[in-house]
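Novice: Residue numbers (the numbering used here), protein chains in the order written: chain E, 1 to 373; chain P, 1001 to 1215.
Here a beta-carbon is modelled for each residue, glycine too, at the ideal position from N, C-alpha and C.
#1: For a cutoff of 9 Å on Cβ pairs, would you count residue 978 (chain P) as touching chain E?
#2: If the cut-off is 7 Å on Cβ atoms, which residues from the segment 1160-1189 of chain P count as contacting chain E, listed in chain order?
#3: Which residues of chain P have a Cβ atom closer than 7 Å to the Cβ of residue 65 (chain E), listed in chain order?
#4: Quick check on DSSP: helix, strand or coil for residue 1192 (chain P)?
#5: Where residue 203 (chain E) and residue 1175 (chain P) are concerned, what is the direct C-alpha to C-alpha distance, given to the nearest angstrom?
#6: Identify whether residue 286 (chain E) lies in helix, strand or coil by the three-state DSSP scheme.
#7: Under the assumption that residue 193 (chain E) contacts residue 242 (chain E) (Cβ atoms under 8 Å), give the Cβ distance between them as a whole number of angstroms.
#8: Answer yes or no: does any C-beta atom of chain P fall closer than 9 Å to that of residue 76 (chain E)?
#9: Could you tell me the distance, in whole angstroms, from the CA atom of residue 1159 (chain P) to the CA atom of residue 1040 (chain P)?
#10: Kindly list the residues whose CB is nearer than 7 Å to the CB of residue 278 (chain E), restricted to its own chain and excluding five residues on each side of it in sequence; keep chain order.
#11: If we count Cβ pairs, one from each stretch, closer than 8 Å, do we get three or more for the segment 1029-1040 of chain P versus the segment 1135-1145 of chain P?
#12: By DSSP, does residue 372 (chain E) sit in helix, in strand, or in coil?
#13: Just the chain E side, please: which residues come within less than 8 Å of residue 1021 (chain P) by C-beta, in chain order?
#14: State yes or no: is the C-beta of residue 1161 (chain P) within less than 9 Å of the C-beta of residue 1180 (chain P)?
#15: Which whole runs of the alpha helix (DSSP H) in the segment 47-128 of chain E are 4 residues long or more, in chain order?
#16: Does residue 2 (chain E) have its Cβ less than 9 Å from a Cβ in chain P?
#17: Which of helix, strand or coil does DSSP assign to residue 17 (chain E)?
#18: Could you tell me the boundaries of the alpha helix (DSSP H) in which residue 1118 (chain P) lies?
#19: Taking the alpha-carbon positions, what's the residue 1069 (chain P) to residue 339 (chain E) distance?
#20: Can you tell me where the alpha helix (DSSP H) with residue 321 (chain E) in it begins and where it stops?
#21: Return no unless some Cβ of chain P is closer than 9 Å to the Cβ of residue 79 (chain E).
#22: On a Cα-Cα basis, can you pick out the residue from P:1026, P:1167, P:1152 that is closest to residue 1078 (chain P)?
#23: What residue does the beta strand (DSSP E) around residue 175 (chain E) start on, and which one ends it?
#24: Going by DSSP, what residue range makes up the beta strand (DSSP E) through residue 345 (chain E)?
#25: Buried or exposed for residue 1008 (chain P), please, with buried defined as at least 16 other CB atoms from any protein chain shown within 10 angstroms of its CB.
#26: Tell me the DSSP secondary structure of residue 1087 (chain P) in three-state form.
#27: Pairing CB atoms from the segment 182-200 of chain E with CB atoms from the segment 65-74 of chain E, are three or more of them under 8 Å?
#28: Return yes when at least one heavy atom of the ligand HEM lies under 8 Å from the C-beta of residue 1078 (chain P), else no.
#29: Should residue 73 (chain E) be flagged as near chain P, meaning a C-beta pair shorter than 9 Å?
#30: At what residue ranges does the segment 1002-1042 of chain P contain a whole run of the alpha helix (DSSP H), taking only runs of 4 or more?
#31: In terms of residue numbering, what span does the beta strand (DSSP E) encompassing residue 1070 (chain P) cover?
#32: Go through its chain and collect everything with a Cβ distance to residue 1109 (chain P)'s Cβ below 8 Å, but skip five positions before and after it.
#33: Going by other Cβ atoms of all chains shown within 10 Å of its Cβ, with 16 needed for buried, is residue 1052 (chain P) buried or exposed?
#34: Verify whether the separation of the beta carbon atoms of residue 313 (chain E) and residue 280 (chain E) is less than 9 Å.
#35: Rounded to whole angstroms, how far is the Cβ of residue 137 (chain E) from the Cβ of residue 162 (chain E), which I believe are closer than 8 Å?
#36: Which value, in whole angstroms, describes the spacing of the CA atoms of residue 49 (chain E) and residue 1066 (chain P)?
Structure, rendered in structure tokens:
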């Protein structure tokens, strides 16, 4: 198993989307494929893709066992997730507010195709900003506590971010991320949470309190989340989420592309949508209907930025595994990480924030005193 | 980290890899020995004397299946697969085995690891040669070394034994309901005992008579 340029670099992409037949893989290639899939959080999804093509049952014994275990792990997690959501619903029963499930939690609760093979490390909720306090209190009563002790970090979150510090359940250790919108208010791509909540749909018609983003917002959230977060460990996974959402909604929502483009313009999320669609088509295949191609092309930022971002994202979206290295990945990830911070906060806020964080790292005993007033 | 701890750390890392990934088995933290195709599963928390007992018994006619982890086949319930590796011994056990089996080979000790002194005892090549040969579980024995105690087996209820085995299962949570069903099936095929002992010679005698113990 050699790292560096070799025939196995794009192995995950080739097998999952490039049409390469898994039946012809050597055991060494399987080892690299599984390593790439594991680092991209794609094991269970790879397993189900192979199963659909009848390549899982004929795989060698050990890769087959490994992939089967990955599918079992996800299935088990989904069972526990649904139970956990029930606990949260019970905790928030008397809070007079709609509550949205976001991302993976929504996919699983709503039974969307994007739920297939998807793991998640926490549960994302969204409510109106004026309801955050009440929801937090109700969750506190049910056992979810904020782990963030530092006063500065608490203020950073509540003043500038789109979410409060994570809440961890005192016994079960499950984590809730409570949002009031999907991007930081200080961000270049700030989105008004009220618009999203107004357009939201109930997950189950019988329970109007528990909701999810409307389809176009779900797709846009997936796009903007991927590029603003700065961490690309699950980049490929998130891109696949978006692709599966797209393919599903194109069938279930009449006029979906028109609505998507209009909503992207309304929420000023054209650039993230452009980047996401570019890489979806580069990796997974044609998705944009010819009639909308011109409109999609118009989403793009000016040429230098478009080319640079395409170059960076192509590298950052590769599985973070030695066998997938073709050069430039670390540089690209670093650049995009920096960019995500720059996107999130304008310079006049970002510089003092970074100075403060560096100070806290060097002088941990001063953590509770603000240095920059 | 001192280079002298490399070997124990390698062993613990390998155990971790199996515990985290080998979910085609129900994995129990236990020693397993075999004779005539029938296996004894010996689960025990660290410090109960399981490894010492295991190391003693594999020089008295029992084959080493594993000194650390029982790999219980999920498809063919009742079948246990070998994880045949050098037997890990700690602290006083090392001295006991060196004295008892002077012909046995040990690697150099690692001292001051977080489990104390650690050494590994080489396994007889005839056991290693059979490392692809599974066995059928027949007994579950919970050992406890107790100073001065005569070697004695005491029946333990299957229900109680099953609960204890679940506590000793690495991937019980992952397997969910399937793990429960499998454990019920495994325990149903076994006679289960608590075993106290202080002398390895006495222990060997008791184990020799296991097939004759009336159930």
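Specialist: In short, the structure shows the following:
#1: Because residue 978 (chain P) is not part of the residues shown, which for chain P are 1001 to 1215, the question remains open.
#2: 1174, 1176
#3: 1024
#4: strand
#5: 29 Å
#6: coil
#7: Not a contact, Cβ separation roughly 20 Å.
#8: yes
#9: 18 Å
#10: 310
#11: yes
#12: Note that residue 372 (chain E) scores 44 on pLDDT, short of 50, meaning its location in the model is unreliable and no value can be drawn from it.
#13: 66, 69
#14: no
#15: 61-91, 103-109
#16: Low confidence applies here, because residue 2 (chain E) scores a pLDDT of 42, under 50, leaving its location unreliable and the question unanswered by this model.
#17: coil
#18: No alpha helix (DSSP H) contains residue 1118 (chain P), which is instead part of the beta strand (DSSP E) from 1116-1121.
#19: 48 Å
#20: Taken as a continuous stretch (DSSP letters only), residue 321 (chain E) belongs to no alpha helix (DSSP H), as it is neither H nor E.
#21: yes
#22: P:1026
#23: 175-179
#24: No beta strand (DSSP E) holds residue 345 (chain E); DSSP gives it neither H nor E.
#25: buried
#26: strand
#27: no
#28: As far as ligands go, the structure on display features none, and thus does not contain the ligand HEM.
#29: yes
#30: 1006-1021
#31: 1069-1073
#32: 1094, 1117, 1118, 1119
#33: buried
#34: no
#35: Not quite, the Cβ-Cβ distance comes to about 20 Å (not below 8 Å), so this is no contact.
#36: 36 Å
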